[in-house]
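The block underneath contains the structure these notes are about, expressed in structure tokens.
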Amino acid sequence: MLETEDVVAFLDVRPVFKGHTLLVPRRHVVTLPDLPEDLLSPYLAATQRLAAAMVDGLGAQGSFVAMNNVVSQSVAHLHTHVVPRTKGDGLRGFFWPRTKYADDGEAEAYAARLRQALDGA
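Counting from 1 along the sequence shown, just add 781 to a position and that's the residue number in the working numbering.
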């Protein structure tokens, strides 16, 4: 479907909706944090092209783009799901149970931990 020297895309054999596509780098990479810098641009560009193709080629109103890193990652090779979406397709709430922060202080504590990790990267 989509092949470049850096990536390959193909239909998921168990699609959420018809047209559900998986994008993988040709080079073995396990998770997004492992993706080498030289593949970032080609990988994101291919993801962008697939998201546009969901609308232009399938008549979808948009797309859902997702990946798992380790947890719920059924294959130990980076792969991105690009799923065609249409309002009312029933996917709402399909993936994530929602939670709440106890208060603004707890939210700020999480933000501070993330900032510290980002500053150390």
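By construction, the Cβ of each residue, glycine as well, lies at the ideal position given by its N, Cα and C atoms.
- In the three-state reduction of the DSSP assignment, GLU818 falls in the helix class, which pools H, G and I.
- By the 16-neighbour rule on beta-carbons within 10 angstroms, PHE791 is exposed.
- Taken atom to atom, the span from the alpha-carbon of VAL788 to that of GLY838 is near 20 Å.
- Residue pairing for THR828: DSSP places it in no beta bridge.
- Membership of ALA847 in the beta strand (DSSP E) is indicated by the continuous run 843-847.
- Taking 8 Å as the cut-off, the beta carbon of ASP819 is found no closer than this to the beta carbon of LEU803.
- In the three-state reduction of the DSSP assignment, PRO823 falls in the helix class, which pools H, G and I.
- When secondary structure is reduced to three states using DSSP, GLU784 falls in the strand class.
- Taking 8 Å as the upper bound for CB-CB distance, LEU859 and VAL805 are in contact here, some 7 Å apart.
- In the DSSP assignment, ARG795 falls outside any alpha helix (DSSP H), carrying neither H nor E.
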